[in-house]
Structures are given as structure tokens and as C-alpha cells.
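Trainee:
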Amino acid sequence: MTVTSSDIQVVPLAGRIGAEIGGVRLGGNLGRTVVAGIRQALLAHRVVFFHGQDHLDTDDQIAFARLLGPLTRSHPTAGSLADQAKVFAVDASRGVRTSYWHTDVTFITSPPAISVLRAVRVPSHGGDTMWASTVAGYSTLPDELRGAVARLWARHTNLIDHAAKYGDDGEGRRDYNARFASRPFVTDHPMVRIHPETGEPAILLGGHAQHIRGLSRSESARLHDVVQDAVTRPENTVRWRWHAGDVAIWDNRSTQHYAINDYGDFPRMMHRVTIAGDVPVGADGSRSVAIEGDASEYLSDE
345 MTVTSSDIQV VPLAGRIGAE IGGVRLGGNL GRTVVAGIRQ ALLAHRVVFF HGQDHLDTDD
405 QIAFARLLGP LTRSHPTAGS LADQAKVFAV DASRGVRTSY WHTDVTFITS PPAISVLRAV
465 RVPSHGGDTM WASTVAGYST LPDELRGAVA RLWARHTNLI DHAAKYGDDG EGRRDYNARF
525 ASRPFVTDHP MVRIHPETGE PAILLGGHAQ HIRGLSRSES ARLHDVVQDA VTRPENTVRW
585 RWHAGDVAIW DNRSTQHYAI NDYGDFPRMM HRVTIAGDVP VGADGSRSVA IEGDASEYLS
645 DE
């Protein structure tokens, strides 16, 4: 069903997550009413998509993202697009292929609130991205497990052996992994965070979560898999087929995503700009805690 609000058309794409928005030419000159409509759709659908935004360049993308809130730098460790400190280049030719379920930058205390991703160059086939609703994932857990998970904490870090964990290797990937882990970050997050705008409980886990506090390694791995399986059930996901000029905006506080690595050596280049987030708060009011690493430079909107 198409929902028209604030001069935009919102068409849901799946039952629990995802919508396409039409009638909008993105840029830094959008009016408040349209921006509010986009944000409302984002909170309702977790991730929203825009076709045919070929007019956008990097400066336009940054200007539009600023309408959604203060920006972060491109990434805490992995570098930025040349001369564009706010833009992270998701460049397959340089090994940036995040083919595992994750929420962005959860290894710091204030992960991004929102990401704005623009397709610059895409393969003729393959290279889709999937998103999953972490709110739906939590709500579909059995009652007893929901209560237990809401009391647990997980340790997140950027010190990940991607080759060992995901079978993800190759020269470009090894170089990227070295940059990714060049400065250690470790943070403890509640496994369930309360969304600061909607009040909904959402799973906070994914590929950067390495261990659930208080459990043995094997117990942690089993519980991690059980909860992750709930988040990424097909009913909780949406999949987007990219065309150059498409833009996706997702709520990093209520989603995980997975970039499908099925396009071989074909080029795939995306530009990502992120809006700063807050410190996650658990169901009991506890806030995430930094164990190692200072992300203040990353969080600076300068």
C-alpha cells in the first residue's frame, strides 16, 4: 500500500522492514516538512530507498545527510574518501566487502544513528544488500529468552580475524582488515538497547560482538547464534537490488545489514555518510561502557 505524507510517497517493500520513497529529489535544500516525512518513514520502516538520485555528488550527499543530524567522520580506523573526511568509500576493489551481518561501528560507545549510502558504481548483477530488523528479531524470541537476553551484555571489538571467522581473505581484503584493526576499540553493550526515539527494544549484536559477558566461549557462541538467527529470519529482512544513483538510508539503532559478495571482480563502489548516534541504553537503564579506544575524533563534526 502506498502512503502519501508530507509530499512523499512511501511504499512498503516487506512485511516487517523496508520501504521505497518516491517523489523526492534528495539534496541539502529539502524543506523541513519533507525531511520530517523521510525521518518518520525511516523510524517506521527501519530502512528506506530512493531510486534515480543520479544528480547527487559527494557534496550533495553530505549536505542532505546533515539535514538528518550531526555527522561523524568516515570511520574510526579505515580512512575516508580523498579530501572528504565525512565519506567512507565502500570500494570492493580495496577489499571493503562486509559480507556478514552487522550493525555499523558497534565497537565504540556511540555507534552511528543513521547511515546514508549512495551507489556510485554497481555490478551488472549481484552485489545486493540485505537489512534485518533487530526490533522484530527481539520481539519474535520466546518470552523466557527475551527476558534473559535483556539482562545480558556483549563485548564488541574491531579486532576481528575476518579470514578465520568468515572465510574472507585475499590481498585487498587483508590490507583492509589491517586498516580496520589499526587502532583497537573494545566496548561493552547491552544485548538489548532501547531505541531513543521510538522506545522499542532492539537486539544489539552482530558481527562485531565477540563474546557475551558471563558465559563460556562455547555458551556465548551458541547463544549469539540463536539470537542472530532470530534477527535474520527471512520474515525480518528486506533485500535491495542496486542501480547506480540509488540511495539507501537505514536506522543503525534498529537494523543489521549484509552486503552480498556474489559479484566476483566486477566493480562495486558505494559512498557512505553517517549521522552521529547516542550511547545505547539497556532495558534496565544501564549505558554502554568503553573498555579500550578513544572515538572522540571520529565523532567530531568538523
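Positions in the sequence shown are counted from 1; adding 344 to them yields the working numbering.
Glycine residues also receive a C-beta, built at the ideal position from the N, C-alpha and C atoms.
1. Quick check: what's the CA-CA separation for Arg537 versus Ser598?
2. Which of helix, strand or coil does DSSP assign to Tyr510?
3. Measuring only the C-alpha atoms, how far is Val623 from Ala463?
4. Using a 10 Å radius around the Cβ and a threshold of 16 neighbouring Cβ atoms, would you call Arg612 buried or exposed?
5. I need the boundaries of the alpha helix (DSSP H) containing Leu387, first residue and last residue.
6. Hey, quick one: how far does the beta strand (DSSP E) through Ala634 stretch, first residue to last?
7. Work out the CA separation of Pro534 and Leu370 for me, nearest whole Å.
8. Does the stretch 473-489 come close enough to the stretch 411-425 that 3 or more CB-CB pairs lie under 8 Å?
9. Which residues in the same chain as Val379 place their Cβ atom closer than 6 Å to its Cβ, once the five residues preceding and following it in sequence are excluded?
10. By a C-beta neighbour count over all protein chains shown, 10 Å radius and 16 as the cutoff for buried, is Gly629 buried or exposed?
11. Within 10 Å of its beta-carbon, does Ala409 have 16 or more other beta-carbons around it, so buried, or fewer, so exposed?
12. Since Asp404 is in the alpha helix (DSSP H), which residue starts that stretch and which ends it?
13. Count the other C-beta atoms from every protein chain shown that fall within 10 angstroms of the C-beta of Pro456, then say buried if there are 16 or more, exposed otherwise.
14. Do you know offhand how far Ala634's Cα is from Asp351's?
15. Please determine, among Arg499, Arg495 and Trp445, the residue with the shortest C-alpha to C-alpha distance to Pro545.
16. By how many angstroms is the C-alpha of Phe394 removed from the C-alpha of Pro414?
17. Would you kindly report the start and end of the unbroken alpha helix (DSSP H) that includes Ala574?
18. Nearest to His500 by alpha carbon, out of Leu489, Val530 and Glu488?
19. Using only the alpha-carbon positions, how far apart do His446 and Val355 sit?
20. For Glu488, which of Ile556, Val571 and Gly558 has the nearest alpha-carbon?
Mentor: On the basis of the data shown:
1. For the purposes of this step, residue 537 is taken as residue 193 along the sequence shown, with counting starting at 1. For the purposes of this step, residue 598 is taken as residue 254 along the sequence shown, with counting starting at 1. About 9 Å.
2. One-based indexing of the sequence shown puts residue 510 at position 166. Reliability of the predicted coordinates at Tyr510 is poor, the pLDDT of 49 falling under 50, and no value is obtained from them.
3. Translated into positions along the sequence shown, residue 623 becomes position 279. Translated into positions along the sequence shown, residue 463 becomes position 119. Approximately 29 Å between the Cα atoms of the pair.
4. Along the sequence shown, read from residue 1 onward, the residue named residue 612 stands at position 268. Counting the other CB atoms within 10 Å of its CB gives Arg612 a total of 16 or more, which places it among the buried residues.
5. Along the sequence shown, one-based indexing puts residue 387 at 43. For Leu387, the enclosing alpha helix (DSSP H) has its first and last residue at Arg376 to His389.
6. Counting from one through the sequence shown, the residue named residue 634 turns up at place 290. Val633 to Glu636 is the extent of the beta strand (DSSP E) around Ala634.
7. Numbered from 1 along the sequence shown, position 26 holds the residue referred to as residue 370. Numbered from 1 along the sequence shown, position 190 holds the residue referred to as residue 534. Answer to the nearest angstrom: the Cα atoms are 35 Å apart.
8. no
9. Taking the sequence shown and counting its residues from 1, the one referred to as residue 379 is at position 35. Same-chain partners within the cutoff: Leu411.
10. As a first step, residue 629 must be located in the sequence shown, where it is residue number 285. Gly629 comes out exposed.
11. For this step, residue 409 is matched to residue 65 along the sequence shown. Counting Cβ neighbours within 10 Å, Ala409 comes out buried, since at least 16 surround it.
12. Walking along the sequence shown from the start, residue 404 turns up at place 60. That run of the alpha helix (DSSP H) goes Thr402 to Arg410.
13. In the sequence shown, the residue the question calls residue 456 occupies position 112. Counting every other CB atom within 10 Å of its CB across the protein chains shown gives Pro456 a total of 16 or more, marking it as buried.
14. Residue mapping note: residue 634 aligns to position 290 of the sequence shown, counting from 1. Residue mapping note: residue 351 aligns to position 7 of the sequence shown, counting from 1. Taking the straight line from one Cα to the other gives about 42 Å.
15. Locating residue 545 in the sequence shown gives position 201, where the first residue counts as 1. Of the candidates Arg499, Arg495 and Trp445, the one whose C-alpha sits nearest the C-alpha of Pro545 is Arg495.
16. If you number the sequence shown from 1, residue 414 lands on position 70. If you number the sequence shown from 1, residue 394 lands on position 50. If you take the alpha carbons of Pro414 and Phe394, they lie about 22 Å apart.
17. Along the sequence shown, read from residue 1 onward, the residue named residue 574 stands at position 230. First-last of the alpha helix (DSSP H) with Ala574: Arg561 to Val575.
18. Taking the first residue of the sequence shown as position 1, residue 500 is located at position 156. With distances taken between Cα atoms, His500 lies closest to Val530.
19. Here the question's residue 446 lines up with position 102 in the sequence shown. Here the question's residue 355 lines up with position 11 in the sequence shown. Near 25 Å, if we compare the C-alpha coordinates of Val355 and His446.
20. Counting from one through the sequence shown, the residue named residue 488 turns up at place 144. Minimum Cα distance to Glu488 is reached at Val571.
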